[in-house]
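This report concerns only the one structure given below.
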Amino acid sequence: MATVTSTTTASASTVVSSASQEILKSLGTGSGVDTTSLVASLVKAQFAAKTAALTARNDTLSSQISSVSTIKSAITGFSNALDSLVKGGSIASQPTTSNAGILTATALSGSKLSGLSKTIAVNQLAGAQSATTQVAIADRTAAIGTGEFTLTTGTATYSADGTAMTGFAAGSSPAVKITIDSTNNSLDGLMKAINLANAGVSASIVTDADGSAYLSLKGTSGAAQAFTLAATTDTDGTLSRFNVGTGATGTKLSGVAQNAKLTVDGVPIQRSSNTISDLIDGVKLSLNSASPGTVVTLGSQTPTAALQQAVSDVVATYNEVMTAIAKETDPINGVLRSDPAAKALLQSMKGLTTKALYTGAAAGAPTTLSEIGVATNRDGTLKLDTTRLGQALTQFPSAVESMFAYSSLGISGLSAAITAISTNAVSPSFGLGASNTRYVAQQSDIASAQAKLDDASAVMSTRLTKQFAGSSARVTAYKATQTMLTNQIAQWNKN
60 MATVTSTTTA SASTVVSSAS QEILKSLGTG SGVDTTSLVA SLVKAQFAAK TAALTARNDT
120 LSSQISSVST IKSAITGFSN ALDSLVKGGS IASQPTTSNA GILTATALSG SKLSGLSKTI
180 AVNQLAGAQS ATTQVAIADR TAAIGTGEFT LTTGTATYSA DGTAMTGFAA GSSPAVKITI
240 DSTNNSLDGL MKAINLANAG VSASIVTDAD GSAYLSLKGT SGAAQAFTLA ATTDTDGTLS
300 RFNVGTGATG TKLSGVAQNA KLTVDGVPIQ RSSNTISDLI DGVKLSLNSA SPGTVVTLGS
360 QTPTAALQQA VSDVVATYNE VMTAIAKETD PINGVLRSDP AAKALLQSMK GLTTKALYTG
420 AAAGAPTTLS EIGVATNRDG TLKLDTTRLG QALTQFPSAV ESMFAYSSLG ISGLSAAITA
480 ISTNAVSPSF GLGASNTRYV AQQSDIASAQ AKLDDASAVM STRLTKQFAG SSARVTAYKA
540 TQTMLTNQIA QWNKN
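Residues in the sequence shown are numbered from 60 upward in steps of one, following the working numbering.
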């Protein structure tokens with residue numbers, strides 16, 4: 060602050076000196092008095108020091124506000140970038156399968172798959188029941204008859220070739236009524252009515268080469284999603300040709316409702332879909348084909364190269380952020396050297412390399428950045444020992460991965476640590492957000508003080524202008540009298 064005071068004093072002295080020169084010039088002997096310039100100079104000299112002080116303080120506050128914005132942007136940018144990297148999954152172990160033709164596996168967000176080992180056999184794929192009318196309809200918009208269908212879902216048994224239903228048991232979902240009347244009396248109308256029912260069965264129309272139409276129905280996969288369609292009211296006796304179920308003759312099945320059947324580590328499992336996300340923690344399985352008795356090994360692969368690059372990128376980004384913070388908090392020249400939030404952020408960043416990033420580590424496994432080769436330089440920036448990092452990735456790959464793992468609760472991992480630092484740093488209550496609010500309020504106070512100063516200047520200017528106007532009038536009168544007397548004396552001398 061000594062620098063600001065010195066600068067303010069020097070500026071005020073310069074203004075006062077300039078004003079004094081203007082006053083002397085205005086009072087030049089025999090030149091008359093320039094009252095406008097004189098008043099302006101006197102007012103300027105009177106308020107120069109206060110104006111300079113307010114201007115200097117306002118400039119300092121502007122610099123502080125700008126610096127707060129710079130640091131907030133740097134730390135939040137660091138936090139957001141790391142959060143995106145962690146959530147993206149590129150630095151997390153990915154599942155592997157020994158036979159992608161039978162099943163593939165992908166990691167779910169936030170999963171920790173290091174050490175994953177499972178054996179899986181896919182004995183049957185999940186399927187959906189589908190049915191198609193056997194007799195073509197030449198005009199899909201022509202009347203098909205009026206009445207009412209009942210659509211029911213449940214479980215079914217099928218013929219050996221899967222083309223006919225041999226038994227059906229209704230499920231817990233209520234049956235759905237589908238009415239065919241004059242507003243939808245056509246194959247198109249029936250298709251739309253089934254789809255509007257939202258009963259888990261979709262309808263479409265398939266046309267052959269000569270344009271004849273067939274109604275195609277498909278349910279949802281899973282053994283409990285079999286369906287029947289029965290014309291319960293058939294005014295014209297023509298709707299029964301669309302029946303689906305036991306004894307139906309107008310339609311033919313081309314797919315049956317069944318569960319996927321697989322064994323996981325020898326345990327038999329069934330699921331209604333070929334996409335399974337609730338069987339193995341953190342893994343989504345996609346069943347591609349059934350191969351009874353063929354065992355597929357599910358494992359994981361640590362992305363060593365990606366983790367090594369991630370550590371390097373973190374060090375580089377940290378150094379950029381730390382350099383910005385150090386500049387603004389420099390004890391001599393930093394505009395935020397006295398800001399408590401900025402100094403707290405600096406200390407939090409300095410402690411990052413020695414902070415334990417996860418719990419439950421194996422004996423001898425690293426838990427901090429410093430233990431995997433990240434060291435602190437004298438200036439607070441970081442340096443990376445790639446050899447030591449390589450050794451850590453070789454000996455404790457899961458430990459390094461845990462440091463960069465995503466935590467849905469935000470309590471472990473480097474990303475959570477940076478997020479916590481960032482959140483505290485920008486807090487509107489006690490962080491840089493509070494600092495910004497304080498500086499803006501102080502600028503508002505300065506604006507008010509400057510406004511009062513301007514008002515005082517205007518009052519003084521008005522008062523002096525009136526005073527000098529009166530003096531000028533009297534001087535003018537004196538000079539007129541002097542001129543008259545001079546002329547009179549001269550005239551006397553001539554006589």
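The beta carbon of each residue, even a glycine, is placed where N, CA and C say it ideally should be.
Residue i vs residue j beta-carbon contact at 9 Å
{"i": "G314", "j": "T212", "result": "no"}
{"i": "V380", "j": "F137", "result": "yes"}
{"i": "Y465", "j": "A195", "result": "no"}
{"i": "I203", "j": "S348", "result": "no"}
{"i": "A190", "j": "V303", "result": "yes"}
{"i": "M408", "j": "I431", "result": "no"}
{"i": "G226", "j": "T216", "result": "yes"}
{"i": "L321", "j": "N182", "result": "yes"}
{"i": "L274", "j": "L249", "result": "yes"}
{"i": "K414", "j": "L428", "result": "yes"}
{"i": "L411", "j": "T426", "result": "no"}
{"i": "R300", "j": "T200", "result": "no"}
{"i": "A185", "j": "G259", "result": "no"}
{"i": "A506", "j": "N139", "result": "no"}
{"i": "S268", "j": "K251", "result": "At residue 268 the sequence reads Ala, which differs from the Ser that was named. No, these two residues do not count as a Cβ contact at 9 Å."}
{"i": "A319", "j": "S331", "result": "yes"}
Exposure of residue i, with buried meaning 16 or more beta-carbon neighbours within 10 Å
{"i": "R437", "result": "exposed"}
{"i": "G87", "result": "Legend: pLDDT at G87 = 38, less than 50; position of this residue unreliable, no value from coordinates given."}
{"i": "K84", "result": "Because K84 carries a pLDDT of 49, less than 50, the predicted location of this residue cannot be relied on, and no value is offered for it."}
{"i": "V485", "result": "buried"}
{"i": "S228", "result": "The amino acid occupying residue 228 in the given sequence is Ala; Ser does not appear at that position. Label assigned to A228: exposed."}
{"i": "L366", "result": "buried"}
{"i": "S170", "result": "buried"}
{"i": "M543", "result": "exposed"}
{"i": "P154", "result": "buried"}
{"i": "Q284", "result": "buried"}
{"i": "T156", "result": "buried"}
{"i": "S474", "result": "buried"}
{"i": "G270", "result": "exposed"}
{"i": "S149", "result": "exposed"}
{"i": "T308", "result": "exposed"}
{"i": "D324", "result": "exposed"}
Residue i - DSSP class collapsed to helix/strand/coil
{"i": "N182", "result": "strand"}
{"i": "G206", "result": "strand"}
{"i": "F227", "result": "strand"}
{"i": "K171", "result": "coil"}
{"i": "V616", "result": "Residue 616 lies beyond the stretch modelled for the chain, which goes from 60 to 554, so this question has no answer here."}
{"i": "V399", "result": "Note that residue 399 corresponds to Pro in the displayed sequence, not to Val. P399: helix per DSSP, three-state reduction."}
{"i": "G492", "result": "helix"}
{"i": "T524", "result": "helix"}
{"i": "L452", "result": "helix"}
{"i": "Y217", "result": "strand"}
{"i": "A272", "result": "strand"}
{"i": "T242", "result": "coil"}
{"i": "S467", "result": "coil"}
{"i": "V497", "result": "At residue 497 the sequence reads Arg, which differs from the Val that was named. Of the three classes helix, strand and coil, the one that applies to R497 here is helix, per DSSP."}
{"i": "T222", "result": "coil"}
{"i": "I339", "result": "strand"}
{"i": "T67", "result": "Here the model assigns T67 a pLDDT of 46, short of 50, so the residue's position is not dependable and the matter cannot be decided."}
{"i": "D444", "result": "coil"}
{"i": "Q317", "result": "strand"}
{"i": "V265", "result": "strand"}
{"i": "T376", "result": "helix"}
{"i": "K409", "result": "helix"}
{"i": "K414", "result": "coil"}
Residue of the options minimising C-alpha distance to residue i
{"i": "N378", "options": "K525, L344, I130", "result": "I130"}
{"i": "A451", "options": "Y498, T361, A111", "result": "T361"}
{"i": "K402", "options": "L411, P233, D389, D504", "result": "D389"}
{"i": "S241", "options": "L255, V235, G206", "result": "G206"}
{"i": "K567", "options": "A400, N257, M224, A458", "result": "The first residue shown for the chain is 60 and the last is 554, placing residue 567 beyond what the model contains."}
{"i": "N495", "options": "S126, T110, A115", "result": "S126"}
{"i": "Q105", "options": "I548, A515, D142", "result": "A515"}
{"i": "L468", "options": "A201, D142, A223, V102", "result": "D142"}
{"i": "T310", "options": "V102, S280, S359, T222", "result": "T222"}
{"i": "L113", "options": "K511, A539, M519, K553", "result": "K511"}
{"i": "T446", "options": "S457, G439, A434", "result": "A434"}
Proximity test, Cβ basis, 9 Å: residue i and chain D
{"i": "I384", "result": "You won't find chain D in this structure, because it holds only one protein chain."}
Those residues which DSSP pairs with residue i across a bridge
{"i": "P154", "result": "S359"}
{"i": "F286", "result": "T212"}
{"i": "A164", "result": "L344"}
{"i": "P327", "result": "T322"}
{"i": "I196", "result": "A272"}
{"i": "K236", "result": "T209"}
Residue i beta carbon near the ligand ATP (any heavy atom closer than 8 Å)
{"i": "A458", "result": "The ligand ATP is not part of the structure shown, which contains no ligands of any sort."}
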